[in-house]
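Here's the structure we're looking at; comments come further down.
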Amino acid sequence: MGDSDDFSKKYTQANVAKDAAKYDGALFGQWQTQLQKVLPNATSGLTSGILVAMLCAQGRGDAAGALFSDSVASHKAHVLELFAVIREALTLSMGIVGLPNVMPAIFGSVAELKKGNTSPLTLIRWCRPTFKNANYEEIGREVHQKIYRGVGNPEVAAMVAQYFPDLSYLATSGIFGYAIGGCEILPFQERELVVVSAIIALGASRQARSHCKAAIQLGNAPKVLETLDEIAQNVARWNGRALPDRLNVPQLVVELNAELAKLNA
47 MGDSDDFSKK YTQANVAKDA AKYDGALFGQ WQTQLQKVLP NATSGLTSGI
97 LVAMLCAQGR GDAAGALFSD SVASHKAHVL ELFAVIREAL TLSMGIVGLP
147 NVMPAIFGSV AELKKGNTSP LTLIRWCRPT FKNANYEEIG REVHQKIYRG
197 VGNPEVAAMV AQYFPDLSYL ATSGIFGYAI GGCEILPFQE RELVVVSAII
247 ALGASRQARS HCKAAIQLGN APKVLETLDE IAQNVARWNG RALPDRLNVP
297 QLVVELNAEL AKLNA
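Residue numbers for the sequence shown follow my numbering, so the first one is 47 and each next one is one higher.
See below:
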């Protein structure tokens with residue numbers, strides 16, 4: 047057994063069930079192509095980042111390293127540029143799916159970088175400013191308002207702030223401020239696509255409906271959200287962890303437009 051096998055067994059594959067579905071490069075390649083068709087002008091590597099977010103939400107971050115490797119090989123992507131996007135996808139997803147579900151994808155990505163002897167020092171330029179150097183609470187409030195404009199449900203944030211103030215501060219500063227607001231690799235509407243992809247694949251239907259509306263009002267086409275929902279369902283089917291019923295994106299558009307009309311009246 048080689049060093050890479052030892053690393054995989056100790057870190058990347060440590061949480062995988064014995065009967066878990068095997069990574070299927072051809073299948074994930076089809077989903078990459080499907081995403082690229084509806085996102086032809088997206089940041090290079092975004093489709094890989096979306097799939098990695100879905101894998102983590104399904105508890106299958108262990109497959110992220112193989113997806114990373116396939117993406118570099120099939121699309122001739124620059125490994126560091128692709129890694130930058132996947133790293134952002136993992137940072138954006140962590141607050142949604144939890145650190146334990148993200149860690150296998152982190153290990154898998156590190157293993158791929160180690161194959162090319164990539165120094166961590168070459169990655170520092172993509173790091174966010176620290177909390178000491180940026181007011182992430184203020185940034186988080188601005189990001190929250192921008193995301194939820196027209197989405198409705200203002201009572202949700204109010205309830206969390208009233209009864210769980212520590213959690214509210216953590217979400218505002220850490221998730222909305224640092225993770226989403228501090229991201230410079232992806233434009234805002236693409237950050238939300240990664241977030242909503244993780245939420246859909248997690249099976250959080252109520253939050254998925256809200257973030258689908260958010261993604262649309264930030265400039266993403268409804269067809270993109272329908273495609274994300276379809277692929278998340280397929281990823282869940284591959285993984286043997288079924289999701290709730292499909293999202294009714296046309297109805298969400300109607301609801302969003304009604305809320306935006308109220309705001310603009």
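We treat Cβ as the ideally placed atom computed from N, Cα and C, and that holds for glycine. Treat the numbers as computed from the prediction; the structure is a model and nothing was measured.
Quiz item: Taking buried to mean at least 16 other C-beta atoms within 10 Å of its own C-beta, is threonine 79 buried or exposed?
Solution: exposed
Quiz item: From valine 84 to isoleucine 231, what does the alpha carbon distance come to, in whole angstroms?
Solution: 20 angstroms
Self-check item: Whole runs of the alpha helix (DSSP H) within the stretch 217-265, excluding any shorter than 4 residues
Solution: 234-248, 251-263
Practice problem: Can you have a look at aspartate 108 and say buried or exposed, based on whether 16 or more other CB atoms are within 10 angstroms of its CB? | Solution: buried
Exercise. On a CA-only basis, which of Glu301, Ile277, Gly223 is nearest tryptophan 77? Give me that one, please.
Key: Ile277
Self-check item: Whole-angstrom distance between serine 115 and lysine 297, CA atom to CA atom
Solution: Checking the displayed sequence, the identity of residue 297 turns out to be glutamine instead of lysine. For glutamine 297 and serine 115, the distance between alpha carbons rounds to 38 angstroms.
Quiz prompt | For serine 90, the first and last residue of its enclosing alpha helix (DSSP H) | solution = Run containing serine 90: none; DSSP gives neither H nor E here.
Self-check item: Inter-residue Cα distance where the pair is methionine 47 and leucine 159
Solution: Residue placement at methionine 47 is flagged as unreliable, the pLDDT there being 49, under the threshold of 50; a coordinate-derived value is accordingly withheld.
Quiz item: Do you know how far the Cα of leucine 306 is from the Cα of alanine 110?
Solution: 38 angstroms
Quiz item: Would you call the stretch 174-189 and the stretch 248-256 touching, i.e. three or more CB-CB distances under 8 angstroms?
Solution: no
Quiz item: How do the stretch 204-222 and the stretch 260-270 stand: do at least 3 beta-carbon pairs fall below 8 angstroms, yes or no?
Solution: No, the stretch 204-222 does not touch the stretch 260-270.
Quiz item: To the nearest angstrom, how far is it from the Cα of proline 290 to the Cα of valine 281?
Solution: 13 angstroms
Quiz item: In whole angstroms, what is the alpha-carbon distance linking valine 62 and aspartate 52?
Solution: Straight-line Cα distance between these residues: approximately 15 angstroms.
Self-check item: Exposure label - asparagine 87; buried when at least 16 CB within 10 Å
Solution: exposed
Self-check item: Backbone secondary structure at histidine 124 - three-state DSSP
Solution: DSSP places histidine 124 outside both helix and strand once states are collapsed to three, so it counts as coil.
Quiz item: arginine 283 lies in the alpha helix (DSSP H); which residues open and close that run?
Solution: 268-285 is the span of the alpha helix (DSSP H), which, as asked, contains arginine 283.
Exercise. Find out if the Cβ-Cβ distance for the pair tyrosine 194, tyrosine 224 is shorter than 8 angstroms.
Key: Cβ atoms of tyrosine 194 and tyrosine 224: not closer than 8 angstroms.
Quiz item: DSSP state of proline 200, grouped into three classes?
Solution: helix
Quiz item: DSSP three-state call for proline 175: helix, strand or coil?
Solution: coil
Quiz item: According to the neighbour-count rule (16 or more other Cβ atoms, all chains shown, within 10 Å of its Cβ), is leucine 101 buried or exposed?
Solution: buried
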